[in-house]
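Peer 1:
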Amino acid sequence: MSEKFLWWCYLHTNGHIQAKRYFDDRDLEDADESPFVQERSQPFEAEDRDDAIKQYHDSLVVRHVVHELTKKYEGRTHEGRLES
97 MSEKFLWWCY
107 LHTNGHIQAK
117 RYFDDRDLED
127 ADESPFVQER
137 SQPFEAEDRD
147 DAIKQYHDSL
157 VVRHVVHELT
167 KKYEGRTHEG
177 RLES
């Protein structure tokens, strides 16, 4: 098993995911100030750059699905009826 490192990713305004090795909070602060960063992750462990991109991509997909389902079922009870 290879050694894992800390990575962080961001969604560029062009729609591409970028993965960077995490060294300290200055990396994240620079990203937060950049006009090209649509959103970014917190640091997380990954095997390599490809693994970091896959993990971040998967988290984006899950968040999107949860967001869409929340919109679809907003205002419904657990039985599926609309709340009065």
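To convert, count from 1 in the sequence shown and add 96; that's my numbering.
Even for Gly, the Cβ is constructed at its ideal location relative to N, Cα and C.
The structure displayed is predicted, hence computed values, not measured ones.
Does the count of Cβ pairs from the region 112–124 and the region 162–169 closer than 8 Å reach three?
Peer 2: Contact between the region 112–124 and the region 162–169 is absent, because fewer than three Cβ pairs lie under 8 Å.
Peer 1: Per DSSP, which residues does LYS116 bridge with? Please list them.
Peer 2: BP columns for LYS116 point to TRP104.
Peer 1: Pull up the DSSP beta-bridge partners for PHE132, would you.
Peer 2: DSSP, once it has assigned bridges, lists no residue as partnering PHE132.
Peer 1: Where GLU135 and TYR169 are concerned, what is the direct C-alpha to C-alpha distance, given to the nearest angstrom?
Peer 2: Distance between the alpha carbons of GLU135 and TYR169 is about 26 Å.
Peer 1: Can you grab the Cα-Cα spacing for the pair VAL157 / LYS150, in whole Å?
Peer 2: Between VAL157 and LYS150, the C-alpha separation is close to 10 Å.
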